[in-house]
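*Asks:* In terms of my numbering, the sequence shown is residues 379 to 885. Starting off with a structure, shown below.
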Amino acid sequence: MDTQQPVPVPVIRKLDEAVVNRIAAGEVIQRPSSALKELLENSLDAGSTAISVLVKEGGNRLLQISDNGHGIRKADLEILAYRHTTSKLKEFDDLETISTLGFRGEALCSISFVSHMSVTTMTADDTHGWRVQYKDSKMEPPGPKPVAAVQGTTICVEDLFYNVPTRKRALKSATEEYARILEVMQRYAIYKSGLAFTCKRVGESRTDLTTMSGASRLDNIRAVYGAALAKELLVLDLSHGDEPSASMGPDGDMSFRVAGYISGVNYACKKTTIILFINGRLVEAANLRRAMEAVYAATLPGSKAGASGEKGCRPWAFLDVTLPPRHVEVNLHPTKREVGFLHQDDIIDAIRAGVETMLLAANTTRTFTQMQLPFAPLLPPEGGEVDRPKDTQGKSGPAPYRPEKLIRTDPKSQSMEAFLTNPYKAAALGGSVARRRGGGDKGSAAATSARDPMDLTLPEGPSLLDATDGDGGDGGGGGGGGGSGVSGGKRRLDPARTHPRHTHTHT
């Protein structure tokens with residue numbers, strides 16, 4: 379009988395520092411847009427008023443961000459990319475009242491482990507700038523090099539995920555990754571309306587995002603999402619309790635303030651867009667998103683999924699939520715994409731109720747556009763008259779006649795004979811009568827028409843049909859009296875009654 383070999387007990391060992399940092403880098407830096415978000419938050423924390431981003435191949439080949447902030451001291455460049463090195467936090471308790479966007483000191487370290495990173499910086503006290511190359515969080519020799527620069531910091535990230543082939547293959551196309559980068563820039567540009575943002579691709583002369591310093595949030599929304607959305611936005615302003623401040627403890631009552639914009643009843647889109655900032659942090663809240671969608675679905679027609687014949691009316695909202703700092707837990711997600719806060723259900727319900735009230739109030743003034751077909755009759759407004767075009771003297775008159783624009787809708791309205799003049803019309807009718815006669819007398823009449831020329835003249839007075847139809851006349855109705863009768867009781871044309879000017883000879 380076989381005996382099972384004992385399973386060896388696994389040995390617990392401490393991972394190498396490089397392995398730990400590379401694992402952590404995969405959590406913080408998931409794609410080029412997440413690297414940009416971390417760098418962008420650092421620029422905002424540095425007090426920048428102008429931020430520009432340059433992208434190549436969706437951020438995989440090059441991701442460069444430049445700002446005009448306070449810069450970095452030369453003495454701090456050596457430990458700049460070390461893990462958990464930061465100027466924004468000293469003690470753990472500082473997290474309760476933290477006001478900066480970054481606080482962990484992991485972004486630059488994680489980026490240096492999965493890319494080639496260089497930093498060029500200059501402070502207001504320096505006479506020139508300094509440039510440093512980093513690899514695996516360490517400064518590469520020969521260290522800081524003096525370069526010409528302006529005040530601020532420029533961080534250049536090249537060959538992102540060059541040493542993580544699995545992550546690089548999992549990325550989307552360059553176009554999709556650039557769209558994610560642009561979306562992050564657009565959302566921060568709307569929130570930070572007093573700053574100047576630019577974003578463009580390498581080799582392109584035109585920028586894909588440009589916002590001016592001093593522009594309002596509504597101006598930036600118009601620049602990013604277009605005037606069609608900006609003119610249909612409703613201003614949202616909600617508050618509860620006292621003004622949120624750092625002095626409020628976690629045991630205090632619910633207090634919040636919400637400022638932003640929501641799409642009105644006249645704006646229709648198929649995609650839900652919720653731009654949410656909580657205490658200045660770009661975050662996501664799935665429960666708030668569901669609440670907003672439920673409000674629009676219950677208030678506006680065509681909002682429910684699968685509604686036939688409707689474009690759909692999904693919500694677009696920009697919400698700037700301000701809470702007491704001690705009520706918010708910022709250290710919740712590796713990429714800071716989510717935050718936790720007290721009274722979450724009550725605050726979301728209050729926002730939902732406020733949005734619903736605004737939509738119901740605005741729903742009484744909906745605007746409907748009616749299409750006018752070309753050349754369709756204008757229906758006069760109630761109690762008024764239809765506006766008619768005016769001539770050069772300002773007098774109203776009928777619409778101009780455009781025959782080339784008319785179409786034939788009834789086959790009985792016109793025939794080909796209506797386009798012939800009177801002489802040719804009579805000749806055409808006479809020819810058809812002669813053919814009918816020839817068919818009636820196949821023996822003699824057909825032979826006669828083949829041998830002798832036929833004189834066809836137009837009668838004066840009655841029509842040609844009146845002249846040819848009858849009961850036989852002088853020739854008799856029996857078919858041959860006087861030599862002038864034909865089969866069927868018809869009379870031949872009398873040459874004496876013809877008009878000399880209208881004589882047609884057919885052979």
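Even glycine gets a Cβ: it sits at the ideal position worked out from N, Cα and C.
Along the chain, which unbroken stretches of the beta strand (DSSP E) at least 3 residues long are found entirely within the region 522-592?
*Replies:* 523-525, 530-536, 574-579, 587-589
*Asks:* Please classify V602: is it buried, with 16 or more other beta-carbons within 10 angstroms of its beta-carbon, or exposed?
*Replies:* buried
*Asks:* Excluding five sequence neighbours on each side, which residues of the same chain lie with their C-beta closer than 8 Å to the C-beta of L614?
*Replies:* Annotation for L614: V636, A637, G638, Y639, I640, A695, L697, G732, V733, M736 place their beta carbon closer than 8 Å to its own, counting only its chain and skipping 5 residues before and after.
*Asks:* Considering only residues of the same chain and omitting the five flanking positions on each side of A728, which have a CB-CB separation below 7 Å?
*Replies:* L616, H618
*Asks:* With DSSP run on the structure shown, which of helix, strand or coil describes R409?
*Replies:* coil
*Asks:* The alpha helix (DSSP H) that contains V602, what's its start and end?
*Replies:* 595-603
*Asks:* Which of helix, strand or coil does DSSP assign to L666?
*Replies:* helix
*Asks:* Thinking just about the alpha-carbon of each residue, which of V542, H721, A402 is nearest to the one in M632?
*Replies:* H721
*Asks:* Is it buried or exposed, A459, if we count other Cβ atoms within 10 angstroms and call 16 or more buried?
*Replies:* buried
*Asks:* Near A664, which residues of its chain fall below 6 Å by C-beta distance, leaving aside the five closest residues on each side in sequence?
*Replies:* none
*Asks:* What are the residues that DSSP puts in a beta bridge with G718?
*Replies:* Beta-bridge pairing links G718 to E707.
*Asks:* Which runs of the beta strand (DSSP E), 3 residues or longer, sit entirely within the region 474-531?
*Replies:* 494-500, 507-513, 523-525
*Asks:* So if DSSP puts A695 in a beta bridge, which residue, or which two residues, is it bridged to?
*Replies:* According to DSSP, A695 bridges with I640, I652.
*Asks:* Pair every Cβ in the region 441-451 with every Cβ in the region 403-419, then say whether three or more of these pairs are closer than 8 Å.
*Replies:* Flag = yes, the region 441-451 and the region 403-419 touch.
*Asks:* Report the rounded CA-to-CA distance for N709 versus A672, giving the unit in angstroms.
*Replies:* 30 Å
*Asks:* Taking all protein chains shown into account, decide if N657 is buried (16 or more other Cβ within 10 angstroms of its Cβ) or exposed.
*Replies:* buried
*Asks:* Kindly list the residues whose CB is nearer than 6 Å to the CB of L345, restricted to its own chain and excluding five residues on each side of it in sequence; keep chain order.
*Replies:* The requested residue 345 is not part of the displayed model; the chain covers only 379 to 885.
*Asks:* On the DSSP bridge assignment, give the partners of L611 in chain order.
*Replies:* S641
*Asks:* According to DSSP, simplified to helix, strand and coil, what is K415?
*Replies:* helix
*Asks:* Between H448 and the rest of its own chain, which residues show a CB-CB distance below 6 Å, the 5 nearest in sequence each way excluded?
*Replies:* These residues qualify, in order along the chain: A424, G425.
*Asks:* Does any CB atom of chain D fall closer than 7 Å to the CB of P622?
*Replies:* The chain labelled as chain D is not found in the depicted structure, where only one protein chain is given.
*Asks:* Sort A606, G630, L666 by Cα distance to C647 and report the nearest one.
*Replies:* A606
*Asks:* Which residue's Cα is closest to the Cα of D504: V528, Y512, S496, G483?
*Replies:* V528
*Asks:* Could you name the residues of the same chain whose beta carbon sits closer than 7 Å to that of I886, not counting the 5 residues immediately before and after it, in chain order?
*Replies:* Residue 886 lies beyond the range of the chain shown here (379 to 885); nothing can be said about it.
*Asks:* Quick one: what's got a C-beta closer than 6 Å to D620's C-beta in the same chain, skipping five residues either side?
*Replies:* S633
*Asks:* Using beta-carbon positions only, say whether L573 and T427 come within less than 7 Å of one another.
*Replies:* For L573 and T427, yes; Cβs fall inside 7 Å.
*Asks:* Just to confirm, are Y569 and F655 a CB contact at a threshold of 7 Å?
*Replies:* yes
*Asks:* Among L467, D537, S515, R451, which has the Cα closest to the Cα of G507?
*Replies:* R451
*Asks:* When we look at the beta-carbon of L479 and count the other beta-carbons within 10 Å, is it buried (16 or more) or exposed?
*Replies:* buried
*Asks:* With a CB to CB cut of under 7 Å and the five nearest residues on each side skipped, what residues in its chain are close to S571?
*Replies:* A593, S594, R595, N598
*Asks:* Go ahead and label E555 buried or exposed: buried means 16 or more other beta carbons lie within 10 angstroms of its beta carbon, across all protein chains shown.
*Replies:* buried
*Asks:* Assign V397 to one of three DSSP states: helix, strand, or coil.
*Replies:* helix
*Asks:* Ordered along the chain, which non-local residues of its own chain (more than five positions away) have a Cβ less than 6 Å from that of T464?
*Replies:* Contacts found: G483.
*Asks:* Can you tell me whether DSSP reads I390 as helix, strand or coil?
*Replies:* coil
*Asks:* Given a cut-off of 7 Å on the beta-carbon distance, is the pair P622 and L701 in contact?
*Replies:* Yes.
*Asks:* Taking DSSP's pairing of strands, which residues face Q442 in a bridge?
*Replies:* L432, C534
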